[in-house]
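J.: So that we are looking at the same thing, I have put the structure below in structure tokens.
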Amino acid sequence: GVAAAEMPASFGLEALKAQVVAARTYTLRKIAKDAGRTAAEHPSGAQICTDPSHCQAWNSREQLVRKWGAGVYLPNIRKVIAAVESTYGLVMTYNGQLIDAVYHSCCGGMTEDAAEVWGRSVPYLVPVGCGCGHRALELGESRAVDSAHLLSALGIGARDVPALASGVRVAARTGTDRASIVSVYGVSISAAQLRRALALKSTRIAVSSEAGKTVFRTTGYGHGVGMCQWGAAIMAERGDTFDAILQHYYTGIRIQRIASGKK
């Protein structure tokens, strides 16, 4: 299932319950939004897919056995099922509408404003503090790239580079200290474009030069908007309930049960 694919089963039950509600809300909103039309990104006619970089991950029983190991499959899947059943039908809404319940692995200490990532303000997807900072450092990585590879990955030709330009630097940052604009040999590109081109874990980027290469050091993992999964795990560990977790990361939302035919 989605929850088992998207969040480690080792996380606390309340974190898993928060993940289930977020995934359910995301799925139902996506289906409702695309009802009656075929999304261009889903040419087969589907309204949602199992590509985690686009929609949400999904694992079969066989995949979960391989991921977890046969010895812990049963206790893990029972825990996930408990999270699903105990939140049956619960979704998040804002002004009576299903929310865009996006989430990510680790924000690095503060979540990001949706406007900084997707160019549109969303009242319930605004920056909030998070206790995942130590985990963000553990998830950090360093990537050393030579100039030829960097320019090629970004599609920057030699004629695009100003004559006196040199080096790579973060030219602008968001209010949460993520890179927003990066100057690459005088050419300004978005940090999101850089992240995609180099498969960086996040846009929490520090740039340096070592041995003739540009080194990108990142902390955290993911776009940073909405629920931070590692932050949710930490909240669950300290005793917060799933609804408190969701109301922390999605500002001003309501949690309610959708109508169903279940008896």
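Residue numbering for the sequence shown is 164 to 426, as defined by our numbering. By construction, the Cβ of each residue, glycine as well, lies at the ideal position given by its N, Cα and C atoms.
#1: Below 6 Å CB to CB, which residues in the same chain sit around ARG367 once its five sequence neighbours on both sides are set aside?
#2: Cβ of LEU176 within 8 Å of Cβ of ALA264?
#3: Leaving aside the five residues before and after ALA354 along the sequence, list all residues of the same chain whose C-beta is less than 6 Å from its C-beta, in chain order.
#4: For ALA396, collect the residues of the same chain with a Cβ closer than 7 Å to its Cβ; drop the 5 residues on either side in sequence, then sort them by chain order.
#5: Could you tell me which residues DSSP puts in a beta bridge with SER343?
#6: For TYR287, count neighbouring C-beta atoms within 10 Å of its own C-beta (all shown protein chains included) and say buried if the count is 16 or more, exposed if not.
#7: Give me the Cβ distance between GLY389 and TYR413, rounded to the nearest whole Å; I'm assuming they're in contact under 8 Å.
#8: In three-state DSSP terms, what is MET273?
#9: Per DSSP, what kind of secondary structure is HIS386 in: helix, strand or coil?
#10: Tell me which residues share the same chain as TYR348 and place their Cβ nearer than 8 Å to its Cβ, disregarding the 5 neighbours each side in the sequence.
#11: From ASP403 to SER351, what distance separates their C-alpha atoms?
#12: Considering only residues of the same chain and omitting the five flanking positions on each side of LEU261, which have a CB-CB separation below 8 Å?
#13: Rounded C-beta distance between VAL370 and SER305? I'm assuming under 8 Å.
#14: Just to confirm, is the Cβ distance from LEU361 to ALA316 under 8 Å?
#15: Could you check which residue in ARG298, GLY303, VAL308 and GLY338 has the C-alpha nearest to that of GLU373?
#16: In the DSSP assignment, what are the bridge partners of ARG381?
#17: Around the C-beta of ASN258, are 16 or more other C-beta atoms found within 10 angstroms, so that it is buried, or is it exposed?
#18: Classify GLY292 as helix, strand or coil using the three-state DSSP reduction.
#19: Locate the beta strand (DSSP E) running through TYR257, then write down its first and last residues.
#20: What residues match up with ARG417 in a beta bridge as DSSP calls it?
#21: Quick check on the DSSP output: the beta strand (DSSP E) that includes ARG322 runs from which residue to which?
#22: If I follow the unbroken beta strand (DSSP E) through ILE352, where does it start and stop?
T.: So, to answer that:
#1: Against the sequence shown, residue 367 aligns to sequence position 204. Taken in chain order, the residues that qualify are GLY271, ARG341, THR381, THR382 and GLY383.
#2: Translated into positions along the sequence shown, residue 176 becomes position 13. Translated into positions along the sequence shown, residue 264 becomes position 101. Not in contact: LEU176 and ALA264 (Cβ atoms no closer than 8 Å).
#3: Taking the first residue of the sequence shown as position 1, residue 354 is located at position 191. Only ALA342, SER343, VAL345 and THR366 meet the Cβ criterion.
#4: As a first step, residue 396 is located in the sequence shown; it is residue number 233 there, counting from the start. Here the set comprises PHE174, GLY175 and ALA178.
#5: Walking along the sequence shown from the start, residue 343 turns up at place 180. Beta-bridge pairing links SER343 to no other residue.
#6: Counted from its first residue, the sequence shown places residue 287 at position 124. Under this definition TYR287 is a buried residue.
#7: For this step, residue 389 is matched to residue 226 along the sequence shown. For this step, residue 413 is matched to residue 250 along the sequence shown. Yes, they are in contact, since the Cβ atoms of GLY389 and TYR413 sit about 7 Å apart, within 8 Å.
#8: Your numbering for residue 273 matches position 110 in the sequence shown. Of the three classes helix, strand and coil, the one that applies to MET273 here is strand, per DSSP.
#9: Numbered from 1 along the sequence shown, position 223 holds the residue referred to as residue 386. Coil.
#10: Numbered from 1 along the sequence shown, position 185 holds the residue referred to as residue 348. If we look at TYR348 and ignore the five residues flanking it on each side, its Cβ neighbours are SER310, LEU314, ILE319, VAL324, PRO325, ALA328, SER329, GLY330 and VAL331.
#11: As a working mapping, residue 403 is identified with position 240 in the sequence shown. As a working mapping, residue 351 is identified with position 188 in the sequence shown. One C-alpha to the other measures close to 42 Å.
#12: Stepping through the sequence shown from its first residue, residue 261 is reached at position 98. If we look at LEU261 and ignore the five residues flanking it on each side, its Cβ neighbours are THR188, LEU191, ARG192, ALA195, VAL254 and MET255.
#13: For the purposes of this step, residue 370 is identified with residue 207 of the sequence shown, where counting begins at 1. For the purposes of this step, residue 305 is identified with residue 142 of the sequence shown, where counting begins at 1. About 11 Å separates the two Cβ atoms, so there is no contact after all.
#14: The residue labelled residue 361 in the question sits at position 198 within the sequence shown. The residue labelled residue 316 in the question sits at position 153 within the sequence shown. A contact, by the Cβ cut-off of 8 Å.
#15: Within the sequence shown, residue 373 is the residue found at index 210, counting from 1. If we check each option's Cα against that of GLU373, VAL308 comes out closest.
#16: Within the sequence shown, the letter at position 218 stands for residue 381. Reading the sequence as shown, one finds Thr at residue 381 and not Arg. Paired residues: GLU304 and ILE368.
#17: Working through the sequence shown from its first residue, we reach residue 258 at position 95. It is exposed - the Cβ of ASN258 has fewer than 16 other Cβ atoms within 10 Å.
#18: Indexing the sequence shown from 1 puts residue 292 at position 129. In the structure shown, GLY292 sits in a strand (DSSP, three-state: E or B).
#19: In the sequence shown, counting from the first residue as 1, residue 257 sits at position 94. Here the beta strand (DSSP E) through TYR257 covers 253-257.
#20: For the purposes of this step, residue 417 is taken as residue 254 along the sequence shown, with counting starting at 1. Note: ARG417 sits in a beta bridge opposite THR256.
#21: Taking the first residue of the sequence shown as position 1, residue 322 is located at position 159. It is not in any beta strand (DSSP E) - ARG322 carries neither H nor E in the DSSP assignment.
#22: For the purposes of this step, residue 352 is identified with residue 189 of the sequence shown, where counting begins at 1. First-last of the beta strand (DSSP E) with ILE352: 350-353.
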